[in-house]
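A.B. asks:
In our numbering, the protein residues as written are 1296 to 1679.
#1: May I have a chain-ordered list of the beta strand (DSSP E) segments no shorter than 3 residues that lie completely inside the stretch 1318-1399?
#2: If you compare alpha carbons, which of 1625, 1432, 1471, 1438 is closest to residue 1455?
#3: Among 1538, 1382, 1517, which residue has its Cα nearest to the Cα of residue 1346?
#4: Are the stretch 1305-1325 and the stretch 1592-1604 touching by the rule of at least three beta carbon pairs closer than 8 Å?
#5: With DSSP collapsed to three states, give me the class of residue 1472.
#6: Cβ atoms of residue 1491 and residue 1530: under 7 Å apart, would you say?
#7: Would you please state the rounded distance, in angstroms, between the beta carbons of residue 1300 and residue 1327? I believe it to be under 8 Å.
#8: Should residue 1683 go down as buried or exposed, given a rule of 16 or more other Cβ atoms within 10 Å for buried?
#9: On the three-state DSSP scale, how would you describe residue 1444?
#10: Determine contact between the stretch 1378-1394 and the stretch 1334-1353, defined as no fewer than three beta-carbon pairs at a distance below 8 Å.
#11: Which parts of the stretch 1600-1659 are runs of the alpha helix (DSSP H), unbroken and 4 residues or longer, counting only runs that do not cross its ends?
#12: Quick one: give me the first and last residue of the alpha helix (DSSP H) that residue 1541 is part of.
#13: Using a threshold of 7 Å, state whether the C-beta atoms of residue 1465 and residue 1495 are closer than that.
#14: Measure how close the beta-carbons of residue 1606 and residue 1575 come, nearest whole angstrom, since I'm counting them as under 8 Å.
#15: For residue 1430, does the three-state DSSP call read helix, strand or coil?
#16: Kindly list the residues whose CB is nearer than 6 Å to the CB of residue 1302, restricted to its own chain and excluding five residues on each side of it in sequence; keep chain order.
#17: Note the first and the last residue of the continuous alpha helix (DSSP H) segment covering residue 1504.
#18: Is residue 1554 closer than 7 Å to residue 1340 when the C-beta atoms are compared?
#19: Residue range of the beta strand (DSSP E) that residue 1583 falls in?
#20: Does the beta-carbon of residue 1370 have 16 or more other beta-carbons within 10 angstroms, so that it is buried, or is it exposed?
#21: Is the CB of residue 1637 under 7 Å away from at least one CB in chain B?
#22: In this structure, does DSSP put residue 1674 in helix, strand or coil?
See the structure below:
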């Protein structure tokens, strides 16, 4: 296959030759109509496949308040009334996501003393079913806390043994009320099992910032640099610039990455400031049509736009940063090998009608073509 007169992310034009599932060569562009803007595959760095209700009739949000604890309790009621399995709804979402050009994702899977490993087994089944379309990295996520959900620590360790790739965490102070106990437990599992961590941290203000600092310090002390991420980290956007700057340097030194999905109402980490101080910043969908949020569709170009909108990105170099947060940055966090458009690399790519990456972020055009290992898997926003 040859994609004629294609525009690459750097603005150059080439004919892209594809052979045996790989990019064989870049040739001088042919005259005539352009194939479009060719992008590397999009990456969702934070998604909850087991939570989605996609495929069910509309389920109204039942949370009585906006606190994390309120939403946890509301979700318990919703999942008790499910009529379709997490395997089926998760599969529905994977198909929608792949059609939008996402070929890699990090999925947080709920584990607690009620669910036990049920959701993990469901998403392991989804991962196996779609292994030829998308890579799914799984985080064993203690959605109900660790101390608040007795027995969960043991279940997290068992989840890693059964196929989860990372250990998760959740608001050590806000949910568990025990910073050292919570971090000691999850970092202990990670150290014993030789895996990384991705920790949900919603707590804001200086109290939340103290938890960010504690995570960075523990990461460095245990030699886990480059293997730990903090998801949301609202505290970084709710304290003084001076405190954020000093914490950014700690994060960079410890190699702790920050994930932000461009939250609608919550404070958002200062993406540009963190990036300028050497912190890896990436993005993800977070909740999609579930008990936590009625919104979301898994389109990572749209997510890049939302991050840019929240961060007040208006210039092309800023929109390029938003694009990096859904491509190269999460590729580094997930440690993907041979990611990107290069000779000899896998022919995993996305084609859109846009003249440049900033235009693609701003306009979120429909995906003309999605290719995995040289095989067309989606056209015009739908799986083939």
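Even for Gly, the Cβ is constructed at its ideal location relative to N, Cα and C.
What you are looking at is a predicted structure, and each value in this text was computed from that prediction instead of being measured.
C.D. replies: Taking the structure as given:
#1: 1331-1334, 1337-1342
#2: In the chain shown, the residue the question calls residue 1455 occupies position 160. Here the closest residue by C-alpha is 1432.
#3: Translated into the one-based positions of the chain shown, residue 1346 becomes position 51. For the residues 1538, 1382, 1517, the minimum Cα distance to residue 1346 belongs to 1382.
#4: no
#5: Within the chain shown, residue 1472 is the residue found at index 177, counting from 1. Residue state, collapsed to three classes: coil.
#6: Looking up residue 1530 in the chain shown gives position 235. Looking up residue 1491 in the chain shown gives position 196. The answer is no: Cβ separation not under 7 Å.
#7: On the chain shown, position 5 is the one that residue 1300 refers to. On the chain shown, position 32 is the one that residue 1327 refers to. With 8 Å as the limit, residue 1300 and residue 1327 qualify as a contact, their Cβ atoms being about 6 Å apart.
#8: Residue 1683 lies beyond the range of the chain shown here (1296 to 1679); nothing can be said about it.
#9: Position 149 of the chain shown, counted from the start, is the residue given in the question as residue 1444. If DSSP states are grouped into helix, strand and coil, residue 1444 belongs with coil.
#10: The stretch 1378-1394 makes contact with the stretch 1334-1353, as at least three CB pairs between them are under 8 Å.
#11: Counting only runs of 4 or more, we get 1611-1619, 1623-1628, 1652-1658.
#12: As a first step, residue 1541 must be located in the chain shown, where it is residue number 246. 1536-1549 is the span of the alpha helix (DSSP H), which, as asked, contains residue 1541.
#13: By 1-based counting over the chain shown, the position of residue 1465 is 170. By 1-based counting over the chain shown, the position of residue 1495 is 200. A contact, by the Cβ cut-off of 7 Å.
#14: For the purposes of this step, residue 1606 is taken as residue 311 along the chain shown, with counting starting at 1. For the purposes of this step, residue 1575 is taken as residue 280 along the chain shown, with counting starting at 1. Not confirmed; about 16 Å, so no contact.
#15: Here residue 1430 corresponds to residue number 135 of the chain shown, with the count starting at 1. The DSSP-derived three-state label of residue 1430 is strand.
#16: The residue you call residue 1302 lines up with position 7 of the chain shown. Closer than 6 Å at the Cβ level, and outside the excluded window around residue 1302, lie 1308, 1332.
#17: If you number the chain shown from 1, residue 1504 lands on position 209. Here the alpha helix (DSSP H) through residue 1504 covers 1500-1516.
#18: Taking the chain shown and counting its residues from 1, one reaches residue 1340 at position 45. Taking the chain shown and counting its residues from 1, one reaches residue 1554 at position 259. Cβ atoms of residue 1340 and residue 1554: closer than 7 Å.
#19: Taking the chain shown and counting its residues from 1, one reaches residue 1583 at position 288. Premise fails: residue 1583 is in no beta strand (DSSP E) and is neither H nor E.
#20: Here residue 1370 refers to the residue found at position 75 when the chain shown is read from its first residue. Classification for residue 1370: buried.
#21: Any reference to chain B falls outside this structure, which holds one protein chain only.
#22: Position 379 of the chain shown, counting from 1, holds the residue named residue 1674. Residue 1674 falls in the strand class under three-state DSSP.
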